[in-house]
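Colleague: I have a structure here, written as structure tokens, and I will follow up with some questions on it.
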């Protein structure tokens, strides 16, 4: 894989773990935590939502779904 793809996958995995540990988070919480643009956060959240790993119960807030994920280091 390309280094940029690896970085993206690591970032998305870290974002999922952050949401899992913190419960419901806002897009701004993720921007503050990861230091990337809101648009990049939104693209990454769309990947997680497409895979049914996160959902947005209200606009701008995100939480994990009940779907189980096996994570490796």
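In full-length UniProt numbering, the protein residues as written are 1 to 73.
Every residue, glycine too, gets a C-beta built ideally from N, C-alpha and C.
If you draw a straight line from the alpha carbon of residue 12 to that of residue 22, how long is it in whole angstroms?
Modeller: 15 Å
Colleague: Any idea which residues DSSP pairs residue 61 with across the strands?
Modeller: 26
Colleague: Leaving out five residues before and five after residue 70 in sequence, what residues of the same chain have Cβ atoms less than 7 Å from its Cβ?
Modeller: none
Colleague: With a Cβ-Cβ cutoff of 9 Å, do residue 53 and residue 67 count as a contact?
Modeller: Going by C-beta atoms, residue 53 is nearer than 9 Å to residue 67.
Colleague: Quick one: does the C-beta of residue 51 sit closer than 8 Å to a heavy atom of the ligand FAD?
Modeller: The ligand FAD is not part of the structure shown, which contains no ligands of any sort.
Colleague: Which of the three DSSP states is assigned to residue 54 in this structure?
Modeller: strand
Colleague: Counting only the same chain and skipping the five closest in sequence on each side, list residues whose C-beta sits under 6 Å from that of residue 61.
Modeller: Once the five neighbours on either side are set aside, the close Cβ partners of residue 61 are 24 and 26.
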